[in-house]
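At position 233 of the sequence shown the residue is numbered 233 (my numbering), and the sequence of numbers has no breaks.
We put the beta carbon where it would ideally sit given N, CA and C, even for glycine.
Notes to accompany the following structure.
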Amino acid sequence: MDEHASWVAEVAEGLFAAERLRVPVAPLTVLRPGLSLEEAYLIQAEGVARRVAGGARVVGHKVGATSLAMQQQMGVEEPDSGVLLEDMVIPSGSTVALGELMSPRVEAEIAFRLGQDLKGPDLDAKTVRDAVSEVFLALEVIDTRFTGWQIALADSVADNASCARVVTGRAVPLDHDLDLRAEELLVHVDGAAAAAGEGRAVLGDPLNALVWLARRLSTFGNWLRAGDLVLAGSVHASLPLTAGTEVRLASAHLPPVRLRAD
């Protein structure tokens with residue numbers, strides 16, 4: 001193993017230990033100024049590979065920072081992506097154990113299940129839409145292994161795009177007459193309106209998140225596979241998630257989803 005690969009492995013192990021012990025560490029971009037996105041994705045991949053070696057199963061991807069609200073909140077100017085593992089994904093009505101997390105926040109998203117592979121850099125929105133078999137609402141619980149949320153894009157990427165848990169609503173076939181751009185997502189916390197946003201907040205159309213992701217993966221010789229779950233990104237700035245609260249997400253055409261934090 002060369003020196004750079006050894007460093008990547010060391011950082012990935014450090015992030016894994018921080019999560020296991022729930023002790024935050026300083027952002028990588030502070031410890032290593034100039035950390036590139038390419039290096040950050042290598043760290044992410046190493047972290048995922050360690051989990052898979054331990055028995056985890058990859059079930060899809062998330063795209064983050066796809067809305068202006070999230071980009072402004074995180075202080076970034078472009079999306080990022082992470083990998084979804086089976087043990088992250090839980091059904092609507094589940095309780096999220098905050099004792100397993102560090103600085104959790106919650107986001108409302110439109111998500112997809114693919115019925116066909118998506119491969120290559122030249123995909124368009126129609127090809128992507130035709131590849132989607134199902135659509136559903138999701139509440140993503142994001143978290144960070146770094147101290148606070150004062151992180152750069154490369155830190156988020158290395159930290160698997162800050163993904164911790166995904167609470168999924170009931171999936172339904174994607175109606176080709178449904179305009180996801182106009183689908184308004186409404187979030188209530190303990191019964192009170194807390195956030196809202198339309199699908200168009202996500203790169204103009206949630207399906208564009210799939211286009212972006214497929215193109216990014218193609219640069220690494222990878223692709224989206226039939227059966228994959230893909231989160232398109234939050235339509236609003238993330239909300240703090242505190243113990244004892246219930247979060248509900250609803251929209252006009254998609255089944256609702258809820259979680260309880262404990």
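Quick one, which of the options has its alpha-carbon nearest residue i's?
i: P203; options: T66, V52, G47, G14; result: A small fix is needed here, since residue 203 is Leu in this sequence, not Pro. Closest by alpha carbon: T66.
i: A226; options: G148, S36, E184, F112; result: F112
i: R248; options: W223, T168, E198; result: T168
i: V106; options: V96, L114, P256; result: V96
i: N208; options: V172, L28, R129; result: R129
i: Y41; options: V59, M74, A5, V141; result: A5
i: G233; options: K62, L35, G14, L118; result: K62
i: P240; options: G55, L98, T29; result: L98
i: H176; options: F16, G221, H253; result: H253
Could you tell me if the beta carbon of residue i falls within a distance shorter than 7 Å of some heavy atom in the ligand GDP?
i: E109; result: You won't find the ligand GDP in this model; it holds no ligand whatsoever.
Report yes if the C-beta distance between residue i and residue j is below 8 Å; otherwise report no.
i: E46; j: A9; result: yes
i: G93; j: A161; result: no
i: D80; j: S156; result: yes
i: T147; j: V25; result: yes
i: V211; j: A125; result: yes
i: D159; j: M102; result: no
i: S270; j: L186; result: Only positions 1 to 262 of the chain appear in the structure, and residue 270 is not among them; the question remains open.
i: V135; j: I110; result: yes
What does DSSP give as the partner residue(s) for residue i in the beta ladder?
i: T95; result: R260
i: R248; result: H188, R258
i: S234; result: E109
i: L239; result: V106
Buried or exposed for residue i, going by 16 or more other Cβ atoms inside 10 Å?
i: V257; result: buried
i: V52; result: exposed
i: R145; result: buried
i: E19; result: buried
i: E86; result: exposed
i: D190; result: exposed
### Task
Let me know the alpha helix (DSSP H) ranges lying completely inside the segment 185-228, each 4 residues or longer, listed in chain order.
206-218
Item to check | Segments of 4+ residues assigned as alpha helix (DSSP H) that fall wholly inside the segment 12-91 | outcome: 28-31, 37-53, 68-74
- Jot down the residue ranges of each uninterrupted alpha helix (DSSP H) in the segment 101-174, minimum 4 residues, whole runs only, in chain order. With a minimum length of 4 residues, the continuous alpha helix (DSSP H) runs that stay inside the segment 101-174 are 125-131, 153-158.
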